[in-house]
Amino acid sequence: MNEAAHVRNHERSIGSVVAEIKDELIDFIQTRVRMFKSELQETVATFRRIVPMAAIAIILLTTGYVLLTLAVVSLVAVAFWNNPYHWFFAFLIVGVLWLIAGALTGFLAWNRFRTRGTFPNKTIGVLKADKVWFERQARSQL
């Protein structure tokens, strides 16, 4: 009799098991959503701090770029001083060099962006690990 009462106390109804699974699934999803939101908020906060500094840096770099370009053009123009089109050739040569440098830099930046991306990688990694864990659990239950 003691043994029968003990077994009955540990038996659970299907409804209680389903309710527990539902609660755990809701907790699981809420945790992952919170992780995603937190990571997204960190990214947005970082961008908010960086944007003003980046704008100032762009203005200063543009000013320096224009001044240095004019200096390089002047040096190249001196090399063609006897030619009536010395300024044209100077601007053409420097412009082509800047185009090549810009295209190369843009290509390298695009490759780096493509390989790293901006998506929340930590959350995706956790979700992939969870998927593998769920698959293992499902296989072990069969």
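The opening residue of the sequence shown carries number 1252 in the working numbering; numbering runs sequentially from there.
All C-beta atoms in this analysis are idealised placements derived from N, C-alpha and C, irrespective of residue type, glycine included.
Source: prediction; values computed, not measured.
> If VAL1377 and MET1304 are in contact, beta carbons under 8 Å, what's the gap, nearest whole angstrom?
Replying inline: By one-based count along the sequence shown, residue 1377 stands at place 126. By one-based count along the sequence shown, residue 1304 stands at place 53. Not really, about 31 Å apart at Cβ, beyond 8 Å.
> Roughly how many whole angstroms lie between the Cα atoms of THR1366 and HIS1337?
Replying inline: Position 115 of the sequence shown, counting from 1, holds the residue named residue 1366. Position 86 of the sequence shown, counting from 1, holds the residue named residue 1337. For THR1366 and HIS1337, the distance between alpha carbons rounds to 44 Å.
> Any idea what DSSP makes of ARG1263, helix, strand or coil?
Replying inline: Position 12 of the sequence shown, counting from 1, holds the residue named residue 1263. Looking at ARG1263 - three-state DSSP - the assignment turns out to be coil, as it is neither helix nor strand.
> To the nearest whole angstrom, what separates the beta carbons of LYS1373 and GLU1290, a pair I think is in contact under 8 Å?
Replying inline: Within the sequence shown, numbered from 1, the residue matching residue 1373 stands at position 122. Within the sequence shown, numbered from 1, the residue matching residue 1290 stands at position 39. Right, their Cβ atoms sit about 6 Å apart.
>> According to DSSP, simplified to helix, strand and coil, what is ASN1333?
In response: Taking the sequence shown and counting its residues from 1, one reaches residue 1333 at position 82. Three-state DSSP puts ASN1333 in coil, outside helix and strand.
>> I believe VAL1327 touches VAL1345 by the beta-carbon criterion, under 8 Å. Please report the beta-carbon distance rounded to the nearest angstrom.
In response: Counted from its first residue, the sequence shown places residue 1327 at position 76. Counted from its first residue, the sequence shown places residue 1345 at position 94. 6 Å between Cβ atoms; contact.
>> Here's the rule I'm using: 16 or more other beta-carbon atoms within 10 Å means buried, otherwise exposed. How should ALA1308 be labelled?
In response: Numbered from its first residue, the sequence shown carries residue 1308 at position 57. ALA1308 comes out exposed.
> For ALA1395, does the count of other Cβ atoms within 10 angstroms reach 16, so buried, or fall short, so exposed?
Replying inline: Nothing about residue 1395 can be reported from this structure: the residues present for the chain run from 1252 to 1393 only.
>> Considering only their Cβ atoms, is the gap separating PHE1342 from VAL1324 smaller than 7 Å?
In response: Position 73 of the sequence shown, counted from the start, is the residue given in the question as residue 1324. Position 91 of the sequence shown, counted from the start, is the residue given in the question as residue 1342. Yes. Within cutoff.
> In angstroms, rounded to a whole number, what distance separates the CA positions of GLY1315 and TRP1361?
Replying inline: Here residue 1315 corresponds to residue number 64 of the sequence shown, with the count starting at 1. Here residue 1361 corresponds to residue number 110 of the sequence shown, with the count starting at 1. Near 24 Å, if we compare the C-alpha coordinates of TRP1361 and GLY1315.
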